[in-house]
(Lines of atoms letter the chains of each structure in order from A; the text may use other names.)
(Lines give C-alpha, C1' and ligand atoms only; values in the text may rest on other atoms or scores of the structure.)
Protein backbone atom coordinates (compact mmCIF):
# COMPACT_ATOMS: atom_id res chain seq x y z
CA UNK A 1 0.00 0.00 0.00
CA UNK A 2 2.86 2.38 0.80
CA UNK A 3 4.33 1.76 -2.65
CA UNK A 4 1.11 2.90 -4.31
CA UNK A 5 0.98 6.03 -2.15
CA UNK A 6 4.58 6.94 -2.95
CA UNK A 7 4.05 6.36 -6.66
CA UNK A 8 0.84 8.40 -6.71
CA UNK A 9 2.48 11.23 -4.76
CA UNK A 10 5.28 11.40 -7.33
CA UNK A 11 2.75 11.44 -10.18
CA UNK A 12 0.74 14.11 -8.38
CA UNK A 13 3.89 16.17 -7.99
CA UNK A 14 4.65 15.95 -11.70
CA UNK A 15 1.03 16.76 -12.53
CA UNK A 16 1.06 19.78 -10.23
CA UNK A 17 4.29 21.05 -11.75
CA UNK A 18 2.93 20.62 -15.27
CA UNK A 19 -0.40 22.28 -14.50
CA UNK A 20 1.40 25.21 -12.87
CA UNK A 21 3.04 25.89 -16.25
CA UNK A 22 -0.25 25.86 -18.15
CA UNK A 23 -1.47 29.32 -17.01
CA UNK A 24 -4.33 27.90 -14.92
CA UNK A 25 -4.05 30.92 -12.63
CA UNK A 26 -4.44 33.38 -15.48
CA UNK A 27 -7.27 35.94 -15.01
CA UNK A 28 -8.36 36.89 -18.54
CA UNK A 29 -10.66 39.63 -17.27
CA UNK A 30 -7.63 41.41 -15.81
CA UNK A 31 -5.46 41.09 -18.92
CA UNK A 32 -4.82 44.21 -20.97
CA UNK A 33 -5.25 44.12 -24.73
CA UNK A 34 -7.77 43.60 -27.46
CA UNK A 35 -10.69 41.24 -27.04
CA UNK A 36 -9.43 39.09 -29.86
CA UNK A 37 -6.13 38.68 -28.07
CA UNK A 38 -7.93 37.57 -24.93
CA UNK A 39 -9.88 34.95 -26.83
CA UNK A 40 -6.72 33.61 -28.38
CA UNK A 41 -5.06 33.52 -24.96
CA UNK A 42 -7.96 31.60 -23.48
CA UNK A 43 -7.86 28.99 -26.21
CA UNK A 44 -4.13 28.45 -25.96
CA UNK A 45 -3.94 28.43 -22.15
CA UNK A 46 -4.64 24.70 -21.76
CA UNK A 47 -5.55 22.72 -24.90
CA UNK A 48 -8.13 20.01 -24.45
CA UNK A 49 -5.72 17.45 -25.89
CA UNK A 50 -3.25 18.14 -23.09
CA UNK A 51 -5.94 17.72 -20.46
CA UNK A 52 -7.03 14.43 -22.01
CA UNK A 53 -3.47 13.15 -22.21
CA UNK A 54 -2.83 14.19 -18.62
CA UNK A 55 -5.87 12.20 -17.43
CA UNK A 56 -4.78 9.19 -19.49
CA UNK A 57 -1.26 9.29 -18.06
CA UNK A 58 -2.67 9.48 -14.53
CA UNK A 59 -4.67 6.30 -15.18
CA UNK A 60 -1.63 4.56 -16.65
CA UNK A 61 0.43 5.66 -13.67
CA UNK A 62 -2.11 4.09 -11.31
CA UNK A 63 -1.96 0.86 -13.33
CA UNK A 64 1.80 0.61 -12.97
CA UNK A 65 1.50 1.51 -9.30
CA UNK A 66 -0.79 -1.48 -8.81
CA UNK A 67 1.68 -3.72 -10.64
CA UNK A 68 4.45 -2.44 -8.40
CA UNK A 69 2.45 -3.06 -5.24
CA UNK A 70 1.61 -6.60 -6.39
CA UNK A 71 5.29 -7.16 -7.17
CA UNK A 72 6.35 -6.23 -3.63
CA UNK A 73 3.64 -8.35 -2.03
CA UNK A 74 4.44 -11.39 -4.18
CA UNK A 75 8.19 -11.22 -3.64
CA UNK A 76 7.65 -11.80 0.09
CA UNK A 77 6.55 -15.40 -0.61
CA UNK A 78 9.17 -18.13 -0.25
CA UNK A 79 8.92 -19.40 -3.84
CA UNK A 80 10.12 -16.05 -5.25
CA UNK A 81 13.38 -16.42 -7.19
CA UNK A 82 14.48 -13.14 -8.81
CA UNK A 83 15.99 -13.54 -12.26
CA UNK A 84 19.27 -11.83 -13.21
CA UNK A 85 18.86 -8.45 -14.84
CA UNK A 86 20.13 -8.57 -18.44
CA UNK A 87 22.93 -6.07 -19.07
CA UNK A 88 21.16 -5.11 -22.27
CA UNK A 89 18.58 -3.27 -20.18
CA UNK A 90 21.21 -0.67 -19.32
CA UNK A 91 21.71 0.07 -23.00
CA UNK A 92 17.95 0.12 -23.57
CA UNK A 93 17.59 2.64 -20.76
CA UNK A 94 20.15 4.91 -22.38
CA UNK A 95 18.38 4.63 -25.72
CA UNK A 96 15.04 5.61 -24.17
CA UNK A 97 16.69 8.59 -22.50
CA UNK A 98 18.02 9.69 -25.88
CA UNK A 99 14.54 9.38 -27.35
CA UNK A 100 13.06 11.57 -24.61
CA UNK A 101 15.85 14.15 -24.97
CA UNK A 102 15.32 14.22 -28.75
CA UNK A 103 11.63 15.01 -28.29
CA UNK A 104 12.39 17.73 -25.76
CA UNK A 105 14.76 19.38 -28.25
CA UNK A 106 12.11 18.93 -30.93
CA UNK A 107 9.55 20.68 -28.75
CA UNK A 108 11.88 23.66 -28.34
CA UNK A 109 12.52 23.73 -32.09
CA UNK A 110 8.77 23.63 -32.80
CA UNK A 111 8.19 26.69 -30.62
CA UNK A 112 10.91 28.50 -32.55
CA UNK A 113 9.54 27.47 -35.92
CA UNK A 114 12.65 25.48 -36.91
CA UNK A 115 10.93 22.92 -39.12
CA UNK A 116 14.10 21.16 -40.26
CA UNK A 117 15.17 20.57 -36.67
CA UNK A 118 11.67 19.37 -35.85
CA UNK A 119 11.79 16.78 -38.62
CA UNK A 120 15.23 15.60 -37.53
CA UNK A 121 14.19 15.38 -33.89
CA UNK A 122 11.02 13.43 -34.66
CA UNK A 123 12.94 10.97 -36.82
CA UNK A 124 15.58 10.54 -34.11
CA UNK A 125 12.98 9.97 -31.42
CA UNK A 126 11.17 7.41 -33.55
CA UNK A 127 14.31 5.46 -34.43
CA UNK A 128 15.57 5.39 -30.86
CA UNK A 129 12.15 4.26 -29.61
CA UNK A 130 12.17 1.43 -32.14
CA UNK A 131 15.70 0.53 -31.01
CA UNK A 132 14.42 0.41 -27.43
CA UNK A 133 11.67 -2.03 -28.36
CA UNK A 134 14.07 -4.22 -30.33
CA UNK A 135 16.44 -4.19 -27.37
CA UNK A 136 13.66 -5.26 -25.04
CA UNK A 137 12.79 -8.19 -27.31
CA UNK A 138 16.45 -9.17 -27.41
CA UNK A 139 16.58 -9.10 -23.60
CA UNK A 140 13.52 -11.37 -23.50
CA UNK A 141 15.18 -13.73 -25.94
CA UNK A 142 18.37 -13.76 -23.90
CA UNK A 143 16.45 -14.68 -20.75
CA UNK A 144 14.49 -17.48 -22.43
CA UNK A 145 17.72 -18.85 -23.90
CA UNK A 146 19.13 -19.00 -20.36
CA UNK A 147 16.06 -20.91 -19.14
CA UNK A 148 14.11 -18.06 -17.52
CA UNK A 149 10.70 -18.76 -19.03
CA UNK A 150 7.43 -16.95 -18.34
CA UNK A 151 5.85 -19.69 -16.22
CA UNK A 152 9.03 -20.91 -14.52
CA UNK A 153 8.74 -18.61 -11.52
CA UNK A 154 6.48 -15.76 -10.31
CA UNK A 155 9.42 -13.35 -10.58
CA UNK A 156 9.79 -14.26 -14.25
CA UNK A 157 6.08 -13.69 -14.86
CA UNK A 158 6.19 -10.25 -13.29
CA UNK A 159 9.27 -9.31 -15.29
CA UNK A 160 7.65 -10.18 -18.62
CA UNK A 161 4.31 -8.64 -17.58
CA UNK A 162 5.66 -5.27 -16.45
CA UNK A 163 8.23 -4.84 -19.22
CA UNK A 164 5.72 -6.05 -21.81
CA UNK A 165 3.07 -3.60 -20.62
CA UNK A 166 5.57 -0.75 -20.81
CA UNK A 167 6.62 -1.86 -24.29
CA UNK A 168 3.00 -1.81 -25.45
CA UNK A 169 2.68 1.79 -24.30
CA UNK A 170 5.86 2.69 -26.19
CA UNK A 171 4.43 0.99 -29.27
CA UNK A 172 1.21 2.97 -28.89
CA UNK A 173 3.22 6.16 -28.54
CA UNK A 174 4.97 5.38 -31.82
CA UNK A 175 1.60 5.55 -33.56
CA UNK A 176 1.06 9.11 -32.36
CA UNK A 177 4.67 9.97 -33.08
CA UNK A 178 4.28 8.66 -36.61
CA UNK A 179 1.25 10.87 -37.20
CA UNK A 180 3.10 13.90 -35.89
CA UNK A 181 6.11 13.09 -38.08
CA UNK A 182 3.82 12.84 -41.11
CA UNK A 183 2.35 16.23 -40.25
CA UNK A 184 5.84 17.73 -40.08
CA UNK A 185 6.49 16.64 -43.68
CA UNK A 186 3.10 17.58 -45.11
CA UNK A 187 3.07 21.25 -44.15
CA UNK A 188 0.64 21.21 -41.23
CA UNK A 189 -0.05 24.55 -39.54
CA UNK A 190 2.76 25.47 -37.12
CA UNK A 191 0.38 25.73 -34.15
CA UNK A 192 -1.04 22.26 -34.75
CA UNK A 193 2.41 20.76 -35.29
CA UNK A 194 3.72 22.36 -32.12
CA UNK A 195 0.85 20.91 -30.11
CA UNK A 196 1.47 17.46 -31.56
CA UNK A 197 5.16 17.63 -30.70
CA UNK A 198 4.43 18.82 -27.18
CA UNK A 199 1.98 15.95 -26.64
CA UNK A 200 4.55 13.43 -27.87
CA UNK A 201 7.23 14.92 -25.62
CA UNK A 202 4.90 14.85 -22.64
CA UNK A 203 4.02 11.20 -23.28
CA UNK A 204 7.67 10.20 -23.82
CA UNK A 205 8.86 11.90 -20.62
CA UNK A 206 6.20 9.98 -18.72
CA UNK A 207 7.24 6.67 -20.28
CA UNK A 208 10.86 7.40 -19.39
CA UNK A 209 9.90 8.11 -15.78
CA UNK A 210 7.88 4.89 -15.59
CA UNK A 211 10.71 2.87 -17.13
CA UNK A 212 13.26 4.27 -14.66
CA UNK A 213 10.93 3.24 -11.84
CA UNK A 214 10.53 -0.23 -13.38
CA UNK A 215 14.28 -0.58 -13.84
CA UNK A 216 14.88 0.34 -10.19
CA UNK A 217 12.21 -2.15 -9.18
CA UNK A 218 13.64 -5.03 -11.19
CA UNK A 219 17.19 -4.25 -10.09
CA UNK A 220 16.16 -4.39 -6.44
CA UNK A 221 16.97 -0.75 -5.70
CA UNK A 222 13.36 0.14 -4.97
CA UNK A 223 13.07 -2.58 -2.32
CA UNK A 224 16.28 -1.38 -0.68
CA UNK A 225 15.04 2.21 -0.71
CA UNK A 226 11.73 1.23 0.90
CA UNK A 227 13.52 -0.82 3.59
CA UNK A 228 15.68 2.21 4.42
CA UNK A 229 12.60 4.43 4.66
CA UNK A 230 10.90 1.93 6.96
CA UNK A 231 13.93 1.81 9.23
CA UNK A 232 14.00 5.59 9.41
CA UNK A 233 10.32 5.74 10.31
CA UNK A 234 10.55 3.09 13.05
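In the UniProt record's numbering, the protein residues as written are 1 to 234. Beta carbons are placed, not taken as given, at the ideal position from N, Cα and C, and that holds for glycine. Quick caveat: nothing in here was measured; it's all calculated off a predicted structure.
- In this structure residue 106 touches residue 125 by the C-beta definition: roughly 7 Å separates them, less than 8 Å.
- Counting of Cβ neighbours within 10 angstroms places residue 87 among the exposed residues, the total staying below 16.
- Ranked by Cα distance from residue 103, the first of 89, 119, 92, 113 is 119.
- As the crow flies, the alpha-carbon of residue 50 is around 10 Å from that of residue 196.
- For the 8 Å CB-CB criterion, residue 53 and residue 203 form a contact.
- Apart from sequence neighbours up to five positions away, the residues of its chain that approach residue 159 with a beta-carbon distance below 7 Å are 83, 218, ordered along the chain.
- In this structure, the beta-carbon distance from residue 200 to residue 176 falls below 8 Å.
- Rounded to the nearest whole angstrom, the CA to CA distance from residue 77 to residue 116 is 54 Å.
- The DSSP-derived three-state label of residue 81 is coil.
- DSSP places residue 154 in the uninterrupted alpha helix (DSSP H) bounded by 154-185.
- By the beta-carbon neighbour count (other beta carbons within 10 angstroms, threshold 16), residue 63 is exposed.
- Counted as a single uninterrupted DSSP element, the stretch harbouring residue 148 is not any alpha helix (DSSP H), since DSSP gives it neither H nor E.
- Assigned with DSSP and collapsed to three states, residue 190 falls in helix.
- Linking residue 134 to residue 110 through their CA atoms gives a straight-line distance of about 28 Å.
- The beta carbons of residue 193 and residue 100 sit no closer together than 8 Å.
- Less than 8 Å divides the Cβ of residue 93 from the Cβ of residue 215.
- Here residue 57 has 206 as same chain residues with Cβ atoms under 6 Å from its own Cβ, once five neighbours each way along the sequence are excluded.
- Closest in alpha carbon position to residue 122, among 85, 174, 55, is 174.
- In this chain, the alpha helix (DSSP H) harbouring residue 104 covers 88-112.
- Around the C-beta of residue 178, fewer than 16 other C-beta atoms lie within 10 Å, and the residue is accordingly described as exposed.
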